[in-house]
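Trainee:
There are 2 protein chains.
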Amino acid sequence: MPNPYLTGLDKNAANYQPLTPLTFLERSALVYPDRTAIVHGNQRFSYTQFYARCRKLASALAARGIGKGDTVSAMLANTPPMLECHYAVPMTGGVLNTLNTRLDAQIIAFSLDHAETKVLIADKEFSATVKEALTLTKVAKPLVIDYDDPQFDVPGELIGEIEYEDFIADGDPNFAWQMPDDEWDAITLNYTSGTTGNPKGVVYHHRGAALLAQGNIITASMRKHPVYLWTLPMFHCNGWCFTWTLSVIGGTHICLRWVRAKAIWDALADHEVTHLCGAPIVMSTILNAPDEEKRDLDHTVEFFTAAAPPPEAVLAAMADAGFNVTHLYGLTECYGPAVVNDWNVGWDELPGPERAAKKARQGVRYAALEGLTIMDPQTMQQVPADGETMGEVMMRGNVVMKGYLKNPKATDDAFAGGWFHTGDLGVMHADGYIQLKDRSKDIIISGGENISSIEVEDTLYKHPSIQAAAVVAKPDDRWGETPCAFVEIKPGKALSEQDVIDYCREHLARFKCPKHVVFTELPKTSTGKIQKFKLREMAKAG
Amino acid sequence: MPNPYLTGLDKNAANYQPLTPLTFLERSALVYPDRTAIVHGNQRFSYTQFYARCRKLASALAARGIGKGDTVSAMLANTPPMLECHYAVPMTGGVLNTLNTRLDAQIIAFSLDHAETKVLIADKEFSATVKEALTLTKVAKPLVIDYDDPQFDVPGELIGEIEYEDFIADGDPNFAWQMPDDEWDAITLNYTSGTTGNPKGVVYHHRGAALLAQGNIITASMRKHPVYLWTLPMFHCNGWCFTWTLSVIGGTHICLRWVRAKAIWDALADHEVTHLCGAPIVMSTILNAPDEEKRDLDHTVEFFTAAAPPPEAVLAAMADAGFNVTHLYGLTECYGPAVVNDWNVGWDELPGPERAAKKARQGVRYAALEGLTIMDPQTMQQVPADGETMGEVMMRGNVVMKGYLKNPKATDDAFAGGWFHTGDLGVMHADGYIQLKDRSKDIIISGGENISSIEVEDTLYKHPSIQAAAVVAKPDDRWGETPCAFVEIKPGKALSEQDVIDYCREHLARFKCPKHVVFTELPKTSTGKIQKFKLREMAKAG
Chain A
1 MPNPYLTGLD KNAANYQPLT PLTFLERSAL VYPDRTAIVH GNQRFSYTQF YARCRKLASA
61 LAARGIGKGD TVSAMLANTP PMLECHYAVP MTGGVLNTLN TRLDAQIIAF SLDHAETKVL
121 IADKEFSATV KEALTLTKVA KPLVIDYDDP QFDVPGELIG EIEYEDFIAD GDPNFAWQMP
181 DDEWDAITLN YTSGTTGNPK GVVYHHRGAA LLAQGNIITA SMRKHPVYLW TLPMFHCNGW
241 CFTWTLSVIG GTHICLRWVR AKAIWDALAD HEVTHLCGAP IVMSTILNAP DEEKRDLDHT
301 VEFFTAAAPP PEAVLAAMAD AGFNVTHLYG LTECYGPAVV NDWNVGWDEL PGPERAAKKA
361 RQGVRYAALE GLTIMDPQTM QQVPADGETM GEVMMRGNVV MKGYLKNPKA TDDAFAGGWF
421 HTGDLGVMHA DGYIQLKDRS KDIIISGGEN ISSIEVEDTL YKHPSIQAAA VVAKPDDRWG
481 ETPCAFVEIK PGKALSEQDV IDYCREHLAR FKCPKHVVFT ELPKTSTGKI QKFKLREMAK
541 AG
Chain B
543 MPNPYLTGLD KNAANYQPLT PLTFLERSAL VYPDRTAIVH GNQRFSYTQF YARCRKLASA
603 LAARGIGKGD TVSAMLANTP PMLECHYAVP MTGGVLNTLN TRLDAQIIAF SLDHAETKVL
663 IADKEFSATV KEALTLTKVA KPLVIDYDDP QFDVPGELIG EIEYEDFIAD GDPNFAWQMP
723 DDEWDAITLN YTSGTTGNPK GVVYHHRGAA LLAQGNIITA SMRKHPVYLW TLPMFHCNGW
783 CFTWTLSVIG GTHICLRWVR AKAIWDALAD HEVTHLCGAP IVMSTILNAP DEEKRDLDHT
843 VEFFTAAAPP PEAVLAAMAD AGFNVTHLYG LTECYGPAVV NDWNVGWDEL PGPERAAKKA
903 RQGVRYAALE GLTIMDPQTM QQVPADGETM GEVMMRGNVV MKGYLKNPKA TDDAFAGGWF
963 HTGDLGVMHA DGYIQLKDRS KDIIISGGEN ISSIEVEDTL YKHPSIQAAA VVAKPDDRWG
1023 ETPCAFVEIK PGKALSEQDV IDYCREHLAR FKCPKHVVFT ELPKTSTGKI QKFKLREMAK
1083 AG
């Protein structure tokens, strides 16, 4: 008997539309027209205004010839134009490429060339880098639009053809933007910060952006009208897609040009912020603020962190300060976070160290990610769920990138065997939660034994006088490698190398203890990740 | 220049998976294994058990040959097997057809034949109807599985080949179910209750089910671990997709075989129910419970209602009783609710009648529905957003059905012009909210003037002695039609026909006032909708 469900039940415009985050903003402008969408200094934009500004920008870009497959790059801080780019560029059919504002001219030039950027919108603050980058590009000769922030005294010069507000001034607030032809069409392009070789261009599609934007709401248990503080750079995986998330539920974006303690505390208290995200460095900034900059909060704030498991001591201090910390994990290739340390209510009853051990695990897939596992990358077999057997973290699903732009080799490698190879090593626990045991490049092999730098770092973070710590491999003639610790001491405290080593010996197997300790400020990326490759160079040199 | 985003960035298993609600249950079983998924009488099933029971059922069905495109029908109350069918049947590639348990044998037989049902799972309570239906089918000769509820004393007899628990007993709890080949594959089949002609078979797909399941969470601002009481029949649009919603966030299903006041109040209090859905009749059941059956609630309960706008008096009484009522609108063809009266915070400040007028509007699209408008069905032009110009409610998007099974003519008509024609008439207000002005068949045309029966009913509901009311057209030689009111009087109250007419004249234009008033219990469908066609027959006859 033929399958009756395969006949006369095809897709048409009434029952099939491309998934895209663009419809979220259209809806919020309809449903919450007067609600504040964006706060930036003294500026306030309602959803009506936000949507109109996006359509004006889109129409102005379209008038300059931007259309399907054209790249618009943005070198912007967490300001209104950056949010507007997230809607306006895809409204034209174009692709938004957000640039990491901390990178140097050479890498920016590489990105502009590789992306074939047609328009570049750049904040005055980054004019020196952009100006230099534009002298270095070989292919890209973009139209440059300056953003001269009216709300802050920003250093730099105007280097473009036109200022942002002037550019959109003549745009059409009723611009009839088009849905994407296909939900698989590209929406954004994010370059990885790759420590070796050229950055890779990670391409997102409308489908994944719409699904992760909604996935954030579900994962974060966000109710209607959240107030979201932009401590996470929007250039980082499109702000983990929260740039789009808020439009689903009429939230308020609190922009933040500079991530400084006073501005954060003021925003938390004055705007009653409900949610914020950031690397662990943001937690340090919050916790280590001078007392006179801290403010009383009358509500619990949800903080989502990624990049490294939050140390127990930091979690406790955050709880005392009124924050509930959720630990996420992801990569540029999966739209930001796609794994969550989904907290089991029963774990609240565990003793402190066991509780912290649970919290340190990366966790389980978002509902929006269809598959997450740990495999032997050679055999593509799952490793036993024993919490010990190492393998590579593998993902599959609709919030995994389209691939790397103009890099079929890297794309094929990343997707070998039908799974996305994250390059991160980890284990699977008996309950199905995964835990990174180390980024593959961070593993220390000493006398044939594997040492997890995370385990050593966790120990160091428990020392009452240590503010931050990172551990890398130092080449050693006898052992191959030995652990070398880099330590930031808390203000007013003192520590010797031997103090640190003795403390580790109390808590760790002897072979895992650092042989060398360096007291220094840790070098960090613009997104707050500790730059271990620099530490490795230092360890090798000294 | 060729579009670089169209090359080397294709779909593969790592970055594209079919959307389906099946992965939600798999995830909850992993993440919340010990959490209670189902409460039924004294039965408790954890997520581990729920998932295992679904896989056992799926494997037992597969062993009987159920596979892609095969229909499994369920004639079940709101019990665990009904929930299990929602996962197990699609796990086999089959299609679940839930039958309205209040329908008669003839319509059930029609459905079984039309659906080509291979397996029928039937509750003992409905054995008389099912037994008769099976004598009437011409094509379908399904395997019949009885469900003999161990928790309740259910009348009826066992008429099938095997009992449900015996059927799944030998199933494989680790059954390796397959993802759908395509997210467009059918997942369920729901027959409309169509008052004229044969019912139409509305086909849902995995994509829409996954999207509306998540859309419910976002629309209802549901946090993790809701407790959901099944006052809405699961056979009704798959329980508005809440059958799948709860698996996304590890919620608890509180089953309810019989929708009676005491059972509802006990569940609300004992299980700390957070959410429930139902037609207005469920609100009446709750509010009109004897005092000794009511319980104190220490939390606000979210109630979602559809079918008819909640009258102001009912809303006020519900608020007093501790419920927050949200007004939804939808049809079988859009997976249940796809429109929400999204409440603007500022409206709380409005005077009572204006507030009630806002609450009576059907509202705006779910974020999961891409398009909602009011059009002239002839010209397919939007009507002016003036709150007055009538047109037909039109929808488009991913939560609109695949089409009607084996009915290409009806499917084509429903999707004419690239929009789904709901058959409901309404207006669009200036703020973009839609309001039904009347189901097209319920309009009363008196002396050439259109009368909205909803408007007249709203007036009647405000009368302190009226419990429920419905207004239909009565043929009239002079006027063509006149409004005829059917009224239920509150216990202990008395009213005359003239009292009712006088009251209406105080509040309505004279031509809108009922010319006849009938005091009677209103006939309702199994889902609580007032059966206006019966009232029309009565009006015509008497």
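Chains as they are written, first to last, in this note's numbering: chain A, 1 to 542; chain B, 543 to 1084.
Think of the CB as a built atom: it goes at the ideal place given N, C-alpha and C, for glycine as much as any other residue.
Keep in mind the model is a prediction, meaning the values are calculated, not measured.
Does the CB of GLN904 (chain B) have a neighbour CB from chain A at under 8 Å?
Mentor: Locating residue 904 (chain B) in the second sequence gives position 362, counting from the first residue. So no, GLN904 (chain B) is outside the interface.
Trainee: Name the residue from A:ASP34, A:HIS299, A:LEU57, A:THR379 whose alpha carbon lies nearest to the alpha carbon of GLU165 (chain A).
Mentor: Looking up residue 165 (chain A) in the first sequence gives position 165. Nearest of A:ASP34, A:HIS299, A:LEU57, A:THR379 to GLU165 (chain A), Cα basis: A:LEU57.
Trainee: So that I know if they touch, is there some Cβ in chain B lying closer than 8 Å to that of GLY8 (chain A)?
Mentor: For this step, residue 8 (chain A) is matched to residue 8 along the first sequence. Taking Cβ atoms only, chain B reaches closer than 8 Å to GLY8 (chain A), which makes this a yes.
Trainee: Quick check on THR196 (chain A): does DSSP put it in helix, strand or coil?
Mentor: If you number the first sequence from 1, residue 196 (chain A) lands on position 196. Only weak support exists for where THR196 (chain A) lies, its pLDDT of 49 falling under 50; the value from the coordinates is given anyway. The answer is coil: DSSP assigns THR196 (chain A) none of H, G, I, E or B.
Trainee: At 4 residues or longer, what runs of the alpha helix (DSSP H) sit wholly inside the segment 587–673 of chain B?
Mentor: List check, alpha helix (DSSP H) in window: 589–605, 622–633, 647–657.
Trainee: Which class does THR422 (chain A) belong to by DSSP, given the choice of helix, strand or coil?
Mentor: Walking along the first sequence from the start, residue 422 (chain A) turns up at place 422. Here THR422 (chain A) sits in strand by DSSP.
Trainee: Helix, strand or coil for LYS951 (chain B)? Go by DSSP, reduced to three states.
Mentor: For the purposes of this step, residue 951 (chain B) is taken as the residue at position 409 of the second sequence. Of the three classes helix, strand and coil, the one that applies to LYS951 (chain B) here is helix, per DSSP.
Trainee: Rounded to whole angstroms, what is the Cα-Cα separation between ASN97 (chain A) and LEU22 (chain A)?
Mentor: As a first step, residue 97 (chain A) must be located in the first sequence, where it is residue number 97. As a first step, residue 22 (chain A) must be located in the first sequence, where it is residue number 22. Looking at the two C-alpha atoms, the distance is approximately 17 Å.
Trainee: Leaving out five residues on either side along the sequence, give the residues of the same chain with a beta carbon under 8 Å from the beta carbon of ALA504 (chain B).
Mentor: A query on residue 504 (chain B) cannot be resolved here, the shown segment of chain B reaching from 543 to 1084 and no further.
Trainee: Using the C-alpha atoms, what's the distance from ALA1012 (chain B) back to VAL1042 (chain B)?
Mentor: Your numbering for residue 1042 (chain B) matches position 500 in the second sequence. Your numbering for residue 1012 (chain B) matches position 470 in the second sequence. Roughly 13 Å separates the two Cα atoms.
Trainee: Candidates A:HIS40, A:PHE24, A:SER46: which alpha carbon is nearest ASP34 (chain A)'s?
Mentor: On the first sequence, position 34 is the one that residue 34 (chain A) refers to. The residue with the shortest Cα to Cα distance from ASP34 (chain A) is A:SER46.
Trainee: Rounding to the nearest angstrom, what Cα-Cα distance links ALA494 (chain A) and SER465 (chain A) in this structure?
Mentor: Counting from 1 along the first sequence, the entry for residue 494 (chain A) is found at position 494. Counting from 1 along the first sequence, the entry for residue 465 (chain A) is found at position 465. Approximately 7 Å between the Cα atoms of the pair.
Trainee: Specify, as a first and last residue, the run of the alpha helix (DSSP H) that LYS474 (chain A) falls within.
Mentor: Here the question's residue 474 (chain A) lines up with position 474 in the first sequence. From DSSP, LYS474 (chain A) is part of no alpha helix (DSSP H) but of the beta strand (DSSP E) over 466–476.
Trainee: Residues of chain A with CB under 8 Å from GLY968 (chain B), in chain order?
Mentor: Here residue 968 (chain B) is taken as the residue at index 426 of the second sequence, counted from 1. Result: empty, since nearest Cβ-Cβ is about 16 Å, beyond 8 Å.
Trainee: Which class does HIS236 (chain A) belong to by DSSP, given the choice of helix, strand or coil?
Mentor: Taking the first sequence and counting its residues from 1, one reaches residue 236 (chain A) at position 236. The answer is coil: DSSP assigns HIS236 (chain A) none of H, G, I, E or B.
Trainee: From the DSSP output, in three-state form, read off VAL1085 (chain B) for me.
Mentor: Because chain B spans 543 through 1084 in this model, residue 1085 (chain B) falls outside it and cannot be assessed.
Trainee: When the distance is taken between beta carbons, is LEU700 (chain B) closer than 8 Å to LYS666 (chain B)?
Mentor: Taking the first residue of the second sequence as 1, we reach residue 666 (chain B) at position 124. Taking the first residue of the second sequence as 1, we reach residue 700 (chain B) at position 158. Result yes, Cβ atoms of LYS666 (chain B) and LEU700 (chain B) sit closer than 8 Å.
Trainee: Helix, strand or coil: which one does DSSP assign to GLU349 (chain A)?
Mentor: Walking along the first sequence from the start, residue 349 (chain A) turns up at place 349. If DSSP states are grouped into helix, strand and coil, GLU349 (chain A) belongs with the helices.
Trainee: Would ILE759 (chain B) and ILE791 (chain B) qualify as a contact pair, given that the criterion is a beta-carbon distance under 8 Å?
Mentor: Taking the first residue of the second sequence as 1, we reach residue 759 (chain B) at position 217. Taking the first residue of the second sequence as 1, we reach residue 791 (chain B) at position 249. Yes.
Trainee: Return yes when the C-beta of LEU350 (chain A) is under 7 Å from any heavy atom of the ligand SAM, and no when it is not.
Mentor: By its list of ligands, the structure shown contains no ligand whatsoever, and the ligand SAM lies outside what it can speak to.
Trainee: When DSSP labels each residue in this structure, what does VAL881 (chain B) get in the three-state scheme?
Mentor: In the second sequence, counting from the first residue as 1, residue 881 (chain B) sits at position 339. Three-state DSSP puts VAL881 (chain B) in a strand.
Trainee: Of the choices B:ALA728, B:GLY607, B:ARG597, B:ASN620, whose alpha-carbon is the least far from that of TYR629 (chain B)?
Mentor: Numbered from its first residue, the second sequence carries residue 629 (chain B) at position 87. Answer by Cα proximity: B:ARG597.
Trainee: So, do the segment 579–587 of chain B and the segment 737–754 of chain B have three or more beta carbon pairs nearer to each other than 8 Å?
Mentor: no
Trainee: Which residues in chain B sit within 8 Å of ASN12 (chain A), going by Cβ to Cβ distance?
Mentor: As a position in the first sequence, residue 12 (chain A) is number 12, starting the count at 1. What ASN12 (chain A) touches in chain B: PHE957, GLY960.
Trainee: Measuring alpha carbon to alpha carbon, tell me which residue in B:THR787, B:LEU771, B:ALA682, B:CYS779 is nearest SER763 (chain B).
Mentor: Here residue 763 (chain B) refers to the residue found at position 221 of the second sequence. For the residues B:THR787, B:LEU771, B:ALA682, B:CYS779, the minimum Cα distance to SER763 (chain B) belongs to B:THR787.
Trainee: Taking 8 Å as the CB-CB cut-off, is LYS512 (chain A) touching chain B?
Mentor: Here residue 512 (chain A) refers to the residue found at position 512 of the first sequence. No, LYS512 (chain A) lies away from the interface with chain B (no Cβ there is under 8 Å from its Cβ).
Trainee: Checking 8 Å against the spacing of the C-beta atoms, do LEU731 (chain B) and LEU947 (chain B) come in under that value?
Mentor: For the purposes of this step, residue 731 (chain B) is taken as the residue at position 189 of the second sequence. For the purposes of this step, residue 947 (chain B) is taken as the residue at position 405 of the second sequence. Going by C-beta atoms, LEU731 (chain B) is nearer than 8 Å to LEU947 (chain B).
Trainee: Quick check: the segment 602–615 of chain B against the segment 645–665 of chain B, are there 3 or more CB pairs under 8 Å?
Mentor: yes
Trainee: Distance cutoff 8 Å, beta carbons only. Does THR196 (chain A) sit that close to anything in chain B?
Mentor: On the first sequence, residue 196 (chain A) is found 196 positions in, with the first residue counted as 1. Unreliable placement is indicated for THR196 (chain A), whose pLDDT of 49 sits below 50; no coordinate value is reported for it.
Trainee: For THR738 (chain B), which residues of its own chain have a beta-carbon under 7 Å away from its beta-carbon, when the five flanking residues on both sides are left out?
Mentor: Here residue 738 (chain B) is taken as the residue at index 196 of the second sequence, counted from 1. Only weak support exists for where THR738 (chain B) lies, its pLDDT of 49 falling under 50; the coordinates are left without a value.
Trainee: When Cβ atoms are compared, which residues of the segment 115–146 of chain A fall closer than 8 Å to chain B?
Mentor: GLU116
Trainee: Can you list, in chain order, the residues of its chain whose CB lies under 7 Å from that of PRO150 (chain A), leaving out five sequence neighbours each side?
Mentor: For this step, residue 150 (chain A) is matched to residue 150 along the first sequence. Closer than 7 Å at the Cβ level, and outside the excluded window around PRO150 (chain A), lies no residue.
Trainee: If you draw a straight line from the alpha carbon of GLY713 (chain B) to that of LYS437 (chain A), how long is it in whole angstroms?
Mentor: By 1-based counting over the second sequence, the position of residue 713 (chain B) is 171. By 1-based counting over the first sequence, the position of residue 437 (chain A) is 437. GLY713 (chain B) and LYS437 (chain A) have their C-alpha atoms spaced approximately 38 Å apart.
Trainee: Report the three-state DSSP secondary structure of ARG27 (chain A) (helix, strand or coil).
Mentor: For this step, residue 27 (chain A) is matched to residue 27 along the first sequence. The three-state reading of DSSP puts ARG27 (chain A) in helix, counting H, G and I together.
Trainee: Is any beta-carbon of chain B found at less than 8 Å from that of VAL227 (chain A)?
Mentor: The residue given as residue 227 (chain A) occupies position 227 in the first sequence. It does not; no Cβ of chain B falls within 8 Å.
Trainee: Quick check on ARG903 (chain B): does DSSP put it in helix, strand or coil?
Mentor: Residue mapping note: residue 903 (chain B) aligns to position 361 of the second sequence, counting from 1. Looking at ARG903 (chain B) - three-state DSSP - the assignment turns out to be coil, as it is neither helix nor strand.
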